[in-house]
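In terms of full-length UniProt numbering, the sequence shown opens at residue 1 and continues consecutively. Shown next, in C-alpha cells, is the structure this report addresses.
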Amino acid sequence: MIGCFVSGCSWKTTCPALLSLHLRRLHEPIDVYTCSELNCGRRFSVRCSFIAHIRKHLKVDENEIRSRKNRENNENELLAINSREEMESMNDFTVVNNANMIEAENAKKQEETKNRSESESLINIETLSLEFANLNVGLNLKWLEKSSISRKLVFEFQEDVRVNILKPIQDVVGIMSDSGLISAFGKHALNSMFSMFSNVQSEYQFVRQLKLMQLYEDPVYFTICNELRPGVISHKLDMIIDDIKGVLMPIRFQLKKYLESAGMMDTIIDSLKPSTDGMIRSLIDGKIWHRKVENFNEKIVIPINIFIDDFTTSDTVSPHASSTKICGVYYYIPCLPPHILAKLQNILVAGFFLSQDRKHFGNSQTFYKLVEVFTELETNGINIVHDGKQVNVYFMIGFVTGDNLGLSEILNLAESPSANFYCRACKRTKSDREQDCREFIESMRSEDGYDEDISLNDVSRTGIKGNCILNDIPSFHVSLNFYFDVMHDVSEGICLYGLSHCLRYFVYKKKYFTLDDLNCRKNLFIYGHLNSANIPNDIKDTNLAKQKVKMTANEINTLTRFLPLMIGNLVPSDDPVWQYLCSLLKIFDIIMLHDIPVELIDELKRLVEFHHLNYVNLFQDTLKPKHHNIVHYATAMTMSGSLRRQWGMRCEAKHKEAKQYCRVNCNKRNICSSLISKFCFKYAFDVFNNQFILPFIDIKNENIRSGALPDVCEPLANTITCNGTKTFKLLSKFTKQNSLYEKGTIFCLRQKLIRNVYEIKAILLINDTDIMLLCYLFNSKFFDDHLQSFLLEKEDKLRIVTNIERIDSIPINIHYLNGNMYLRMCNFVSINCLIGDTVSKEC
C-alpha cells in the first residue's frame, strides 16, 4: 500500500495510476513531490517522475515478499523432512505439498484476474475521458462557430457550467464516497468525466488543446508598414513607430486538412479530368488552364481561384464606416462540382486587411505575403496523406476574381468605367465600347502588349496604372486573367438595364398595363418553393421613371426568369421591345448554365450582337461597360470554362459571416485580428465535423418504411418481380446533391441539350441499396415563342426511373397560366426526348 504524502490526507492505494489521479484532482498544484516510503524521502518536481519512482518501490516490495515466502517454504520443507516423527509418510507430505501448490496457483490466478480487471477498468475510464474530452471540444467549437456569438461569451458560459453545475455535483460525489455509497473506483470514474470542463478554462488553454488535436494553427501576422507618427507616451507627446499589420490564415495547414478530409481528394481528382462529351464545365475545360499545366507532366496540380472584395462591417452612414471597412480575401477550388461549391464551408478564408491600409500603402505592400504563400504552394506544393500514401500536391492560381471595381483595383488597372481604356480584356476605346456589338480579336490584350504598356507608364493611353504584384506568382499574369463576374455583369448589369427600359416602355409609353397591375401580377404569381425566397419587392413609380429599379441580384434573376409568364399575355407578340426582351432571356439562360454545350457558343455570339443592336436602336441609349463585358463572354467560356461556376455570388455571401461577428465584437481597433481568430475556430469546427462534402445521395433511416404500394402503382409489382427484385421498401424522401426529392417533386433529367421532366408519385428502395422512382412523364406539346416557355401536359401512365444516382438531375418548378402548365426555359433545349431504356421505362 502507498499513502498520500500530503499532510492531513489518509488516502491509500496499491495502484500508482490512481495515486497520480488523486494528486492531480485534489492536491495540485504541488511544488515538490516527496516519497513517503521508509528510509527514502526522495523529492521530485515533476509528477510523472514521482509516479515512476513509486512504481519501483512497489516492484521492490513485491520481490521482497516473494523471496520471504520462498525462504519460509524452504525452511518448512527442511523441518518436515527432518521431523519424520511428526509425519506419517512421505506420500502424505507430497499430497499436502501438491494441495498447497494448487492453492497458491489459484490465489495467483485470482490476483492476476483482479489486476487485469482493475487495468481494464482504468482503460475504460481513460477511453470515456477521451470521449468526453471530444464532446467538450465539439460543444465549444459548435458555439465558437456561430457568427452571432462572441468568443468571450462561449468561455464565460463554460465557466458558469463548470462552477454552478459540475462543481456541486463533484462535491456530492465526494460526500457519497466518504459515506461509502460510492466506491473509490466509481468516484474516480465520475471525476474523470467531470474533468472535461476543468481542462479548458480559457481561450488560450482551448487553443492549446486544439493544436494537440491538429485542428488549429496560429494565423500569420506580418508587417505592412512601420509608420512613424505622433503619439502620447507617459502623458507626453512623442514620435512612435506604429506597426501596420496584416493577417493571413495558415493557408498551408488549411489546404492540408481540407484535402485530407473524407472524400475531398477523390472528388478533386475526378474533377481534374477534362470533359469528353462536348460540354464546357469548369476552368479545367478552358484553354488557359491547359496552357498553364502543360509543363507539369504527371504531377497533381489543383487550381485555386482567389476572390478579393471590400465590405463594410458597420452601418454605411456610421462615422466609423470607412475605418472599419475590410478587404476580405477568400479562395476556393473552382473545379469542384457546383453543389459542393454552394456550401460556404468550401470557400476558405485567406486573410483580412483594412481597406484604408490597402489604399494607403498600395497592393504591393499589402499582398506581398499572400503572393509568397501561393508562390510556394505552386513551386513546392504540400504533402498530404491519401489512401494511406504520401502524395505531393501542387496548387496553381486559376483566376483572381471579384467585381469589376475590385478587380481593377487589385490588378492595377483603370478603375473608372468612364476611362478611355477600361476593359480588362481588350483595348477598345470608350467611344468604341459604347457601340460595339461584337468582339474584336485584334484588340485583345496579351502578355507582350502588357509589358509594352507598362513601359509607356501612361494610364490614359493603356488603361494600366502599374505592374501588378500578383504577376510575381509564376503561373499568373494579368493578361491571362480572362474572368468576368456573371452576378455583376448579367444580373446587376444587362438584365437590370434591359428590364428598366422594357417595363418603362410597356407601362408609360405603350400602356399595356399599369405599374399597379405589374406589382399585383408579380405578387400573385406562384413562383414555386425553389424560388419563393427571392421574390422581388414592389417596383416604385419614381424608380421606374428614372430607369433605376432597385433589387438584389437574386431578385433580378427571379424577375427576369418569370416576367414572360407574368405579363406575356398583355403584350403583343410582334412588339419589337418584347422581341428584344426574348433575346435577353435567351442570353440569360445560356450564361446561367453550369454546363455549356459547345454548340451554344456561336449561338451566344449571335444573340449578344442582336441584343446590343436592338438596345441601341430601340432605347436610343449607349452601351454600358457591362454590355461590353458580355461581348467577351463567348470567348471567356472557351478560355476559362463556365462563368456561372466561378461567379462571385457565393463568395459575397461569405461576407455575411464576418459582418455578423463584427456586430457582436467590441474590438474596433484591431478588427482584422478578431475576425481571423473567429475564422480559425470556424475552420476547426468544419474539420472536426467533416463539414466539407455531404453524401451525394443521403437516405435517412427514419424515412424508410415498409408497406404496400399505392393502388395506382400496383401494376408495377409484376415489373419489379420480373426484373429480379426480391424486396422493396417505400422511401418518403431522400436528398441528392443537397436537393430534396419526395412525393410531388418535379425534376428534370439532363443530358447536354435534352431535358426529361417527371413528377414523383412514389419512391422505392430496392434491396436496401438502389432507388427506383415511380413517376409521371410530362410531354411537351410545343414551345411558345412569345412566353419563351414549353407548354406541358402530364401522362396518365406511370414510368419507372432508375439509375438516379448516376444521372444528372435537378428539381424544378412548373407554373400554371390560364389552366395550362408551362416550363420557363428557352428553346435551345429539347424537352421529352427519352435518354434510354435504363433511365425511363413505361409500365
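We treat Cβ as the ideally placed atom computed from N, Cα and C, and that holds for glycine.
- Burial state of H612 is buried, judged by a 10 Å Cβ sphere holding 16 or more other Cβ atoms.
- Excluding sequence positions up to five before and after F783, its CB lies within less than 7 Å of the CB of F790 and N827, all in the same chain and listed in chain order.
- For A350, no alpha helix (DSSP H) run applies; the uninterrupted beta strand (DSSP E) run containing it begins and ends at L348 to L354, by DSSP.
- Counting C-beta pairs closer than 8 Å gives fewer than three between the region 458–471 and the region 647–663, which falls short of the contact rule.
- Here DSSP, grouped into helix, strand and coil, assigns F525 to coil.
- Within the region 762–815, the runs of beta strand (DSSP E) that reach at least 3 residues and sit entirely inside it are, in chain order, 770–784, 789–801 and 809–812.
- Within its own chain, the residues whose Cβ lies closer than 8 Å to the Cβ of T622, once the five positions on either side in sequence are excluded, are E434, Q435 and V616, listed in chain order.
- M264 sits buried, since 16 or more C-beta atoms from the chains shown fall within 10 Å of its C-beta.
- Judged by their CB atoms, K752 and D266 are not nearer to each other than the 8 Å cut-off.
- Per the C-alpha coordinates, the member of S322, I397 and V247 positioned closest to F352 is V247.
- Less than 8 Å separates the beta-carbon of L731 from that of N703.
- In this structure, M176 lies away from I169, with their beta-carbon atoms at least 8 Å apart.
- Contact check between the region 679–693 and the region 338–357: three or more CB pairs, one atom from each, fall below 8 Å, which counts as touching.
- Short of 7 Å from the beta carbon of I397, and not among the five residues preceding or following it, lie these beta carbons of its own chain, in chain order: I304, I306, F374, I473, S475 and F476.
- Under the three-pair Cβ rule at 8 Å, the region 486–498 counts as touching the region 554–561.
- In the same chain as N226, and ignoring 5 residues on each side of it, the C-beta atoms closer than 8 Å to its own belong to I241, D242, D243 and I244, in chain order.
- Linking N537 to N519 through their CA atoms gives a straight-line distance of about 8 Å.
- For R208, the number of other beta carbons within 10 angstroms of its own is below 16, and it is reported as exposed.
- Your pair R645 and M592 does not check out as a contact, with CB atoms roughly 11 Å apart and the cut at 8 Å.
- Of the residues assessed, M566 falls on the buried side of the cut-off, its CB having 16 or more other CB atoms within 10 angstroms.
- Check the Cα spacing between C423 and each of G381, N569, E603 and H628: the tightest is with H628.
- Here T745 is near P811, since their CB atoms are less than 8 Å apart.
- In this structure, L792 lies near M821, with their beta-carbon atoms less than 8 Å apart.
- By the CB criterion at 8 Å, S642 and D595 fall inside the cutoff.
- Sequence-distant Cβ neighbours of I831 in its own chain, meaning closer than 6 Å and more than five residues away, are R755, S780 and F790.
- Around the CB of P219, 16 or more other CB atoms lie within 10 Å, so the residue is classed as buried.
- Straight through space, the alpha carbons of S261 and I382 are spaced by roughly 15 Å.
- Note that the C-beta distance between V137 and M213 is below 8 Å.
- M637 carries a helical assignment under DSSP once its states are collapsed to helix, strand and coil.
- If the five residues before and after N531 are omitted, its C-beta is found closer than 6 Å to the C-beta atoms of T558, all from its own chain and listed in chain order.
- E795 is a Cβ neighbour of L777, given a cutoff of 8 Å.
- Across the set E203, G388 and G186, the C-alpha of E203 shows the shortest separation from the C-alpha of F155.
- Residue pairing by DSSP puts Q751 in a beta bridge opposite I754.
- Within its own chain, the residues whose Cβ lies closer than 7 Å to the Cβ of T366, once the five positions on either side in sequence are excluded, are I224, G246, F353, D357 and R358, listed in chain order.
- Excluding the 5 residues flanking it on each side, S460 has same chain C-beta neighbours closer than 7 Å at N420, in chain order.
- Residue nearest to L604 within the set I587, Q620 and P576 is I587 (criterion: CA-CA distance).
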